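Novice: Heads up, the sequence shown is in full-length UniProt numbering, so the first residue is 1 and it goes up one at a time.
All residues carry an ideal CB built from backbone N, CA and C; glycine is no exception.
Because the structure is a prediction, the values reported are computed rather than measured.
Have a look at this one.
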Amino acid sequence: MTKRPSTLADVARRAGTSTAVVSYVINNGPRPVAAATRERVLAAAAELGYRPNRIARALRSRTTGVVGLVLADASNPYFGALARHVEQALERHDRLTLVGNAGYSPERQGHLVERFLAAQVDGLIIVSSDTAGDAAAPTGVPAVYVHHGPADGHAPVVAADNRAAVRQAVAHLREHGHRSVAFLAGPHDGGPVGVRREAWEAAVGGDPGSVLLRSDYSRAAADVLTRRLISEGALPRALIAATDEQAIGVLSGAWACGLPVPDRLALISLDGTPESAYTAPALTVTEQPLQAMAEQAVDLLLSLDGRAEPPAAALVPRRSCGCSE
């Protein structure tokens with residue numbers, strides 16, 4: 001026979017107090033409760049295995065305590081790390097995170113937003129890579145974009161200072177003696193990668209040796225590109241990769257062809273995901289401030305703070321650029 005879940009009234013009887021007092025303890029208010037009574041209520045709740053009914057609480061407060069998080073691609077370590085920081089920031093405010101994976105599809109992103117709204121989430125955080133439209137158009141539910149959002153969107157966008165990050169990367173490679181610095185972009189110039197490419201063009205100032213390369217945002221595509229460039233004798237001596245996934249593919253292709261990094265190719269990546277420290281050689285990166293971005297997005301969503309400046313991406317020198325670790 002299935003045991004009936006304990007209720008607020010059960011806890012009140014065990015603690016020898018009223019259900020109102022139990023509610024004040026469980027919900028941390030709105031009225032104060034004496035320390036001894038509070039301890040008695042918490043002990044009774046633990047003994048009975050009581051868990052607050054989130055649905056009942058939602059009906060009373062007209063809020064669910066749930067925030068919908070839409071990820072551009074859950075399999076990409078960059079977005080996975082960002083999602084972890086968003087979830088931790090929401091947890092500190094006693095919010096539950098409901099996660100959906102758009103798989104780089106604007107249509108899927110819009111579908112997830114509709115599903116989350118149907119589930120009556122209290123807010124939306126959309127970690128977007130390339131938005132075809134404003135998935136967070138006015139719905140009466142607060143929303144924030146992270147990493148990227150539509151230029152004419154209704155919700156605020158939290159992103160790192162990508163232009164400053166690129167300028168740092170170019171300057172650092174020039175400190176190593178590289179006049180020409182190539183850039184590996186994606187198949188098109190949408191989203192933050194487009195901003196990074198524009199910043200690179202401005203930083204290299206039309207230098208003819210600073211060539212623009214393109215590949216899909218995958219290790220496999222960048223590996224294939226690198227092998228082809230090596231076979232053609234066209235691989236640059238200094239390269240900035242727009243993403244860690246591409247940079248890891250470049251390292252793979254170079255290793256397969258016996259080309260030494262950094263002796264023949266100096267490489268910097270612009271993401272700085274945790275695993276970038278464990279490649280061979282370790283990647284020099286401009287580390288995206290994922291925790292700061294997540295916390296700023298949650299503060300904006302919950303109206304805890306005003307709009308802040310874009311967080312800076314710090315340069316982390318490692319072996320791939322020619323620095324000694």
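Can you tell which of ALA241, SER18, TYR145 and ARG174 has its C-alpha closest to the C-alpha of PRO156?
Specialist: It is TYR145.
Novice: What is the rounded straight-line gap between the Cα of SER61 and the Cα of LEU112?
Specialist: For SER61, the pLDDT reaches just 48, beneath the cut-off of 50, and the residue's location in the model is therefore unreliable, although a value from the coordinates is still provided. Going by the C-alpha atoms only, they are around 25 Å apart.
Novice: Just list the alpha helix (DSSP H) runs in the region 76-160, keeping only unbroken ones of 4 residues or longer that don't cross its boundaries, in chain order.
Specialist: Runs found: 77-91 and 106-118.
Novice: With three or more C-beta pairs closer than 8 Å as the rule, is the region 182-196 touching the region 238-245?
Specialist: Output reads yes: the region 182-196 touches the region 238-245.
Novice: What's the C-alpha gap between VAL67 and LEU235?
Specialist: Cα to Cα, the separation comes out at about 46 Å.
Novice: How would you write the range of the alpha helix (DSSP H) that SER23 sits in, first residue to last?
Specialist: 19-26 is the extent of the alpha helix (DSSP H) around SER23.
Novice: Roughly how many angstroms lie between the CA atoms of ASN76 and ARG38, to the nearest whole one?
Specialist: Cα-Cα distance, rounded: 45 Å.
Novice: Using only the alpha-carbon positions, how far apart do residue 346 and HIS176 sit?
Specialist: Since the displayed the chain opens at 1 and closes at 325, residue 346 lies outside it and no answer follows.
Novice: Where does ALA221 fall in DSSP's three states?
Specialist: Of the three classes helix, strand and coil, the one that applies to ALA221 here is helix, per DSSP.
Novice: Near GLY249, which residues of its chain fall below 6 Å by C-beta distance, leaving aside the five closest residues on each side in sequence?
Specialist: The answer, listed in chain order, is ARG219, ALA222 and ASP223.
Novice: When we look at the beta-carbon of GLN120 and count the other beta-carbons within 10 Å, is it buried (16 or more) or exposed?
Specialist: GLN120 should be labelled exposed.
Novice: Along the chain, where does the beta strand (DSSP E) that runs through THR284 open and close?
Specialist: It spans 284-287 - the beta strand (DSSP E) in which THR284 sits, taken as one unbroken run.
Novice: Report the three-state DSSP secondary structure of LEU301 (helix, strand or coil).
Specialist: LEU301: helix per DSSP, three-state reduction.
Novice: Count the other CB atoms, across all protein chains shown, that sit within 10 Å of the CB of ARG196; report buried if there are 16 or more and exposed otherwise.
Specialist: Answer is buried; the Cβ neighbour count reaches 16.
Novice: In chain order, what residues of the same chain lie with their CB nearer than 6 Å to the CB of LEU59, ignoring the 5 residues before and after it?
Specialist: Note that LEU59 has pLDDT 43, beneath the 50 cutoff, so the model's placement of it is unreliable and the number below is only indicative. Correct list: empty, nothing qualifies.
Novice: According to DSSP, simplified to helix, strand and coil, what is ARG179?
Specialist: It is coil, neither helix nor strand.
Novice: Compute the distance between the beta-carbons of GLY253 and ARG227, then report whether it is under 8 Å.
Specialist: Contact: yes.
Novice: Which one of GLY153, ARG14, ARG214 and VAL25 has the shortest CA to CA distance from GLU47?
Specialist: Taking only the C-alpha atoms, the option nearest GLU47 is ARG14.
Novice: Report back the beta-carbon spacing between SER303 and VAL261 to the nearest angstrom; my notes put them in contact at under 8 Å.
Specialist: SER303 to VAL261, Cβ: 47 Å. No contact.
Novice: What would DSSP say about ARG4, mapped onto helix, strand or coil?
Specialist: Three-state DSSP puts ARG4 in coil, outside helix and strand.
Novice: My guess is that LEU124 and VAL70 are in contact by the Cβ rule of under 8 Å, so how many angstroms apart are they, rounded?
Specialist: Contact flag correct, Cβ pair sits at about 7 Å.
Novice: Is LEU290 closer than 8 Å to VAL85 when the C-beta atoms are compared?
Specialist: The question names Val, but residue 85 is His in the sequence shown. In contact: HIS85 and LEU290 (Cβ atoms closer than 8 Å).
Novice: When the Cα of SER128 is compared with those of PRO5, GLY110, HIS93 and ALA43, which residue comes out closest?
Specialist: Minimum Cα distance to SER128 is reached at GLY110.
Novice: Judging by CA-CA distance, which residue of LEU229, ALA312 and ASP10 is the nearest neighbour of GLY49?
Specialist: Here the closest residue by C-alpha is ASP10.
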